[in-house]
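Going by the working numbering, the first residue of the sequence shown is number 160, and it counts up by one from there. A virtual CB, placed ideally from N, CA and C, is assigned to each residue, including glycine. Right, one structure below, let's go through it.
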Amino acid sequence: MSIDVKKMYCAGINTNRGLIVLELDPQLAPNTVNNFVFLAEHHFYDGLKFHR
160 MSIDVKKMYC AGINTNRGLI VLELDPQLAP NTVNNFVFLA EHHFYDGLKF
210 HR
């Protein structure tokens with residue numbers, strides 16, 4: 160999979176305190192955003208605990 164580097168991407172994290180929205184800028188980190196979007200589209204992060 161390859162992302163469109165001219166497009167902005169967002170990811171949402173649902174918490175018991177509300178929604179956290181992350182903006183992903185592929186012009187700043189194309190490989191990282193591509194990897195994150197690929198994994199998210201394949202439900203890799205679903206149900207995982209949030210940690211750093």
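P185 and A199 have their C-alpha atoms some 15 angstroms from each other.
Counted as a single uninterrupted DSSP element, the beta strand (DSSP E) harbouring N173 occupies residues 168-174. Residue environment analysis places F195 among the buried positions, since at least 16 neighbouring C-beta atoms fall within 10 angstroms of its C-beta. Scanning F209, D205, Y204, V192 for the CA closest to the CA of I162 turns up V192.
Annotated as proximal: L183 and C169, with beta-carbon spacing under 8 angstroms.
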